[in-house]
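Asker: Have a look at this one.
2 protein chains.
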Amino acid sequence: MRKITINDIAKELGVSASTVSRALRDSYEISTATKKKIMAYAKQANYHPNPHAISLRERKSKTIAVVIPDISNYFFTQALYGIEQVALSNQYHVLVYQTHDQLQTEIEFFNHFQNGRVDGVLVSPANNPDRSFEHIERMSEMIPVVCFDRVEPSLQMPYVTCNDYDSSFKATEQLIKKGCKRIFFIGISDIIPVIKLRLNGYKDALKKHGMPILQEDIVMCDAAQLLAERVRWLLAKPTRPDGLVSAVERYTFTVYDVCNELQLKIPTHLRIISFSNTPYAHLLNPSLSTVVLPAGEVGKSASEILFRKINKKDTKFESSNITLNCVLTFRGSSA
Amino acid sequence: MRKITINDIAKELGVSASTVSRALRDSYEISTATKKKIMAYAKQANYHPNPHAISLRERKSKTIAVVIPDISNYFFTQALYGIEQVALSNQYHVLVYQTHDQLQTEIEFFNHFQNGRVDGVLVSPANNPDRSFEHIERMSEMIPVVCFDRVEPSLQMPYVTCNDYDSSFKATEQLIKKGCKRIFFIGISDIIPVIKLRLNGYKDALKKHGMPILQEDIVMCDAAQLLAERVRWLLAKPTRPDGLVSAVERYTFTVYDVCNELQLKIPTHLRIISFSNTPYAHLLNPSLSTVVLPAGEVGKSASEILFRKINKKDTKFESSNITLNCVLTFRGSSA
DNA sequence: CTGTTAGCGCTTTCAT
DNA sequence: ATGAAAGCGCTAACAG
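For the protein sequence lines, the chains are A and B, in the order given. Start counting the first sequence at 366; every next residue gets the next number (our numbering). Start counting the second sequence at 366; every next residue gets the next number (our numbering).
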């Protein structure tokens, strides 16, 4: 089956290409008769317009890019649900890019977005120790860009985030209430703002309750393997911690493994509460106390802001930052 | 920052557009001097070609579509890793589409793929009771299409699948070996070939061991809610089953919930083994016996076949079907 | 109501 | 070694 163009239809029906174009877009200046004839023919010939020609001509791609660290993270898959929903209702397509938390990869992706490949970008930036955001800033001068979750408030663009500080504060307090005397914290890097917020909530809760903040109780790692070693070392100490606030779901599971290995019982020897969006938290052994981010809502809000900007309904970004609330659920791991 | 084109560069440097085009593609017919000048200018001006213009002109989009039922399924996220890897190495972009197992949604997506939006499609088809595959067949007459996991061997296109029959057979035998007297099976629909294969493996294992195949022990549902009801009913019977082979990961968790609700102990009252790709199977309560599909490999193989066809290295599909092997791991839930 | 024409940004003959 | 021109498929003045 060969690809059929507007010119093929025009020739076949003895009219001009512009007539076909207008008819197919249901223009008022075409007679009902020709319109019907053309539409019928197009349908039976299974005509679909060439999207590149349209994009070139119209200067828009009807496509957005979503740049995230990792698609196998439940938070991001759920966020993608929300994004997809909004994109489809705007008749847009979605390109998905995983950075695997590598800045260089992210930069390369952004280079591809220029000159019309996409009309907008949703990004949850990669771990960025150098704090080099030129690629994001440059992009946002050309097309709308909205950050979510991993937001950089210093960047001049809208963002959607959660009450990570408060949630972490409350989570830590819960462990204290349950009797924990020494609580440690795990994350990726305090350079990542959302991790920093969770860390600060943890620290302030300790402070409020007159507990010391130990440097060795703050474990930041960008690889699960390294984290396992650090945690193993920490939990093997005679004066080991008896509580954990985890900012990273998959690291929590690493800690579960280390506890099994060291024969430490959760929650008897270690109470745990974790930021996590897995729907199976309640089925774990023991069931996991969680801080759940409203992932779908985050994706939905972020893309709504994006499309408002793409459709030029909104030009100022100052008012469009949004903060959504997490849900804390206490289960066996912190009992 | 305005978008810069090849003409802008040409004008700025006092050469023609074709010279710029040739220089940027490192053509041998351009002098080293002009080449250098043009490349330097393009770089500092942060020039990137308009992909739609190239796609229109070259008649290819450098983009593939991946159509899957559900992105929050670990099998598919892992498959996407493999796909992404191969796509990037071919300098291709990836459009992701979720059908949510709705045929109509899938058909609409496929309509968008015509006329050059994508150069190829990887698809794991939606549940399709009507068995209407015209949209896939029509597409594969225009561009390369490769199926994976949810394959339809009757379709004239290459596919990558797993040894689902054998794996299911072995899984069932394991339960029998452990002493199960009555084993039930859960899935989405036996219209889906991969589910059918797993069902047949289950049936044949029962047959081999002289166990009856009861119709009420084959539970097919396309919604977790319905499944919960059916399973609740089945497990509340006085003559309830004492074993389960689950073809669907998320349904397995539904069964865990129902067991908790009915105060049935796994594996004491019900032994379970499940097709599942969650990396946290060993952390569940009890730990879950699994049949793990080599998801990354599936994605990688399928996209390699696809790109072989896109790059015209391969025109015949007969030889390119691939079957990969699952890994069975027995844990607490079937002990 | 319909056709002619120009042009979106790029590549590629065909000249020179 | 470089430029002029045509054309990928489509839309939108402009003309009639």
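For every residue, glycine included, the Cβ atom is placed at its ideal position computed from N, Cα and C. Quick caveat: nothing in here was measured; it's all calculated off a predicted structure.
1. Would a check of beta-carbon distances place residue 507/A closer than 8 angstroms to chain B?
2. Could you tell me whether any Cβ in chain B is nearer than 8 angstroms to the Cβ of residue 366/A?
3. Quick one: does residue 475/A have its CB under 8 angstroms from some CB of chain B?
4. With a threshold of 7 angstroms on Cβ separation, who are the neighbours of residue 629/B within its own chain once the five nearest residues in sequence on each side are excluded?
5. Which word fits residue 366/A, buried or exposed, when buried means at least 16 other C-beta atoms lie within 10 angstroms of its C-beta?
6. Taking 8 angstroms as the threshold, find out whether the segment 489 to 502 of chain A comes into contact with the segment 451 to 461 of chain A through three or more Cβ pairs.
7. Mind checking if residue 445/A is an interface residue toward chain B, Cβ cutoff 8 angstroms exclusive?
8. Would you call the segment 578 to 586 of chain B and the segment 539 to 557 of chain B touching, i.e. three or more CB-CB distances under 8 angstroms?
9. Assign residue 417/A to one of two classes, buried (16 or more other C-beta atoms within 10 Å of its C-beta) or exposed (fewer than that).
10. Which complete beta strand (DSSP E) runs does the segment 596 to 646 of chain A hold, if anything under 3 residues is left out?
11. Would the beta-carbon of residue 671/B fall within 8 angstroms of that of residue 511/B?
12. Verify the CB distance criterion: does residue 645/B have a CB-CB separation below 8 angstroms to chain A?
13. Under the assumption that residue 641/A contacts residue 540/A (Cβ atoms under 8 angstroms), give the Cβ distance between them as a whole number of angstroms.
14. DSSP three-state label for residue 654/B, please.
15. Applying the criterion that 16 or more other CB atoms from any shown protein chain within 10 Å of the CB defines a buried residue, is residue 556/B buried or exposed?
16. Identify whether residue 447/A lies in helix, strand or coil by the three-state DSSP scheme.
17. Just tell me which of 563/B, 632/B and 444/B has its CA closest to the CA of residue 433/B.
18. Which residues in the same chain as residue 648/B place their Cβ atom closer than 6 angstroms to its Cβ, once the five residues preceding and following it in sequence are excluded?
19. Could you name each continuous alpha helix (DSSP H) segment of 4 residues or more that falls completely within the segment 495 to 538 of chain A, going from the start of the chain to the end?
20. Which residues in the same chain as residue 533/B place their Cβ atom closer than 6 angstroms to its Cβ, once the five residues preceding and following it in sequence are excluded?
21. Ignore the nearest five residues each way along the sequence and tell me which others in residue 424/A's own chain have a CB closer than 8 angstroms to its CB.
22. Can you give me the Cβ contacts of residue 614/B inside the same chain, cut-off strictly under 8 angstroms, excluding the 5 residues immediately before and after it?
23. Could you tell me which residues DSSP puts in a beta bridge with residue 692/B?
24. Note down, in chain order, all residues in the segment 603 to 630 of chain B with a beta-carbon under 9 angstroms from any beta-carbon belonging to chain A.
25. Within the continuous alpha helix (DSSP H) that includes residue 464/B, where are the two ends?
26. Looking only at DSSP bridge pairs, what is residue 398/B linked to?
27. Can you tell which of 691/B, 655/B and 676/B has the C-alpha that lies nearest to the C-alpha of residue 697/B?
28. What's the gap between the Cα of residue 485/A and the Cα of residue 632/A?
29. Apart from the five residues on each side of it in sequence, which residues of its chain come closer than 6 angstroms, Cβ to Cβ, to residue 387/B?
30. What does a CB cutoff of less than 7 angstroms around residue 517/B pick up in its chain, not counting 5 residues either side in sequence?
31. Pull out every residue of the segment 452 to 466 of chain B whose Cβ sits closer than 7 angstroms to any Cβ of chain A, in chain order.
32. Given a limit of 8 angstroms on CB to CB distance, which residues of the segment 481 to 515 of chain A reach chain B?
33. Quick check: is the beta carbon of residue 420/A nearer than 8 angstroms to any beta carbon in chain B?
34. Check the Cβ of residue 448/A against every Cβ in chain B and list those closer than 9 angstroms, keeping chain order.
35. Say whether chain B places a C-beta atom closer than 8 angstroms to the C-beta of residue 650/A.
Answerer: Reading from the atomic positions:
1. yes
2. Here residue 366/A scores only 47 on pLDDT, less than 50, and its place in the model should not be relied on; the value that follows carries that caveat. Chain B contact via Cβ: present.
3. no
4. Closer than 7 angstroms at the Cβ level, and outside the excluded window around residue 629/B, lie 600 and 635.
5. Reliability of the predicted coordinates at residue 366/A is poor, the pLDDT of 47 falling under 50, and the value obtained from them is presented with this limitation in mind. Flag for residue 366/A reads exposed.
6. no
7. yes
8. yes
9. buried
10. 608 to 611 and 636 to 640
11. In this structure, residue 511/B lies closer than 8 angstroms to residue 671/B by Cβ.
12. Yes, because at least one Cβ of chain A sits closer than 8 angstroms to the Cβ of residue 645/B.
13. Not really, about 15 angstroms apart at Cβ, beyond 8 angstroms.
14. strand
15. Around the beta carbon of residue 556/B, a 10 Å sphere encloses fewer than 16 other beta carbons of the protein chains shown; the residue is thus reported as exposed.
16. DSSP places residue 447/A in the helix class (H, G or I) of the three-state scheme.
17. Comparing Cα-Cα distances from residue 433/B to each of 563/B, 632/B and 444/B, the minimum goes to 444/B.
18. Taken in chain order, the list of residues that qualify is empty.
19. 499 to 507
20. 563, 566 and 567
21. 481
22. 438, 439, 440, 639, 640, 641, 642 and 643
23. 657/B
24. Of all residues in the segment 603 to 630 of chain B, 615, 618, 621, 622 and 625 have a Cβ within less than 9 angstroms of some Cβ in chain A.
25. From DSSP, residue 464/B is part of no alpha helix (DSSP H); its letter is neither H nor E.
26. For residue 398/B, no pairing in a beta bridge is given by DSSP.
27. Out of 691/B, 655/B and 676/B, 655/B has the C-alpha closest to the C-alpha of residue 697/B.
28. 45 angstroms
29. Around residue 387/B: 395.
30. 490, 498 and 558
31. 458, 459, 460, 461 and 463
32. Of all residues in the segment 481 to 515 of chain A, 481, 482, 503, 506 and 507 have a Cβ within less than 8 angstroms of some Cβ in chain B.
33. yes
34. By Cβ distance, chain B contributes nothing, its closest Cβ being about 11 angstroms from residue 448/A, past 9 angstroms.
35. yes
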